[in-house]
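In this note's numbering, the protein residues as written are 15 to 505.
What follows is the structure, encoded as structure tokens:
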């Protein structure tokens, strides 16, 4: 059946439940899937229909859920469900938040159905309008309908829906199930809800009772069958959450592969819904891309990397790296075994190498921190090199301070930069230097004491050890070594 898009007067998202089967202090609708809370998926799908009004119904930990929605859905109306239980009562509370003279199509959906798409909701609204229906219910045929309300029909259409706990043995054999997602004519919905009672096994105001009441009153009740049963699956426990997360991820990966991204091992790759990948990106095994991570054309990520809110430039390589809130420039290299903490910005053609940790650090074009170093609260200019085992000492126990390193600087291994300190353009430093004072441009910084060798120390202080025996053999092969030992060290 082909239907034209129709703009609903309102979409109501039901998200008031406690979700006791999740066994969690976190409200069920705030559990994450694909980098978004469950209710975030539902509200995005609803918003995609461009409704005149968007309402979410809350109750359990309502303030916490409302706060979580503020950033992404500032214009959503919030209705609070009272002590009367049931989906019908939840919809009544939502209608009370809408204009009293609201007319047209009202869609009802749920905050724990994360794979339901805007396109399906638009199809539902379109079928509802095209059929002149008072109610249109979204249904699906399931091999195992356990847990779902069954759709009851006669020769003229849908006669009603019975919840599993209230169904007879004959009704339980029905495989067509109610998704819980509906399109209603606003006036028919208001009138029927006013007549719904609580005479059922759960003592709740069932929204499903509206269908039989509308039909009895002469309204047309129809169904829109959905082939993709994943769209109507809800989350009631963590096992279902994991199943839906895996399916959502599978769809996300397929979408990116069809868009020109190489994903070497989909079985070990997880990509959040808001991640953006450009064509010819390569994702190697064991990669997780979270949040708003963006990866540009030709970049390679992985293996074994987790990036959250990281921007990776064109042609960059990021391998065996953990990173968050960081920027990797075009053609840059990161890893293996690097840790990019928030505020890291690596310039084009730069390098953050093996066992390097960075935080709040700006590293300029072509500059390198190759190995075994910590760069925190620092600015490094262009085409500079930081020697191995260097530490930017940014914290004095109370305050943090910043280090600035200029362009074309060559710093020795095992340097300590005691902030605040500045190293000028073109400067050098010797190995083992502790830089406590500013280094002028073009200067060589050294503070190493002259080396002193205490000859014969091992023979005198560690007699009988393998080291002493080795030293003795070497001395026996070298003329005069024993005599010098006697002069330096007295046993």
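Idealized CB from N, CA, C, for every residue including glycine.
Counting along the chain, the unbroken alpha helix (DSSP H) around residue 475 starts and ends at 471 to 475. By the Cβ-count criterion, residue 492 is exposed, with fewer than 16 other Cβ atoms from all chains shown falling within 10 Å of its own Cβ. Between the region 109 to 123 and the region 185 to 199 there are three or more inter-stretch CB-CB distances shorter than 8 Å, so the stretches are counted as touching. Going by DSSP, residue 164 is part of no alpha helix (DSSP H) but of the beta strand (DSSP E) stretching over 164 to 168. Approximately 5 Å separates the beta-carbon atoms of residue 324 and residue 307; this is inside 8 Å, confirming the contact. The Cβ atoms of residue 354 and residue 368 do not sit closer than 7 Å to each other. For residue 399, there is no enclosing beta strand (DSSP E), as DSSP marks it with neither H nor E. Listed as beta-bridge partners of residue 284 by DSSP are 302. With contact defined as three or more Cβ pairs closer than 8 Å, the region 263 to 278 and the region 26 to 43 are not in contact. Of the residues 238, 108, 190 and 379, the one whose Cα lies closest to the Cα of residue 330 is 379.
Boundaries of the beta strand (DSSP E) harbouring residue 190: 190 to 199, taken from the DSSP string. Runs of the beta strand (DSSP E) spanning 3 or more residues and lying entirely within the region 15 to 94 occur at 24 to 28, 67 to 72 and 91 to 94, in chain order. Residue 244 and residue 269 have their C-alpha atoms some 16 Å from each other. Runs of alpha helix (DSSP H) with 4 or more residues, each lying fully within the region 423 to 461, are absent. The shortest C-alpha to C-alpha distance from residue 63 to any of 454, 90, 78 and 134 is the one to 134.
In the structure shown, the three-state DSSP call for residue 359 is strand. Less than 7 Å divides the Cβ of residue 447 from the Cβ of residue 461.
When 278, 30 and 141 are compared, the shortest CA-CA separation from residue 98 is found for 30. DSSP links residue 296 through a beta bridge to 276 and 314. Put simply, the region 100 to 107 does not touch the region 74 to 88. Fewer than three CB pairs are less than 8 Å apart. Approximately 5 Å separates the beta-carbon atoms of residue 27 and residue 70; this is inside 8 Å, confirming the contact. By the Cβ test, the region 38 to 48 is not in contact with the region 108 to 117, since fewer than three Cβ pairs between them sit closer than 8 Å. Ranked by how close their Cα comes to the Cα of residue 364, the residues 356, 351, 480 and 384 have 384 in first place. In terms of Cβ geometry, residue 417 and residue 433 form a close pair [threshold 7 Å].
Contact annotation, residue 320 with residue 336: C-beta distance approximately 5 Å; criterion of less than 8 Å satisfied.
By alpha-carbon distance to residue 194, the top candidate from 149, 228 and 21 is 149.
Residue range 101 to 110 is occupied by the alpha helix (DSSP H) that includes residue 109. Here residue 298 is buried, its C-beta having at least 16 other C-beta atoms within 10 Å.
About 4 Å separates the CB atoms of residue 73 and residue 95; that is less than 8 Å, so the two are in contact.
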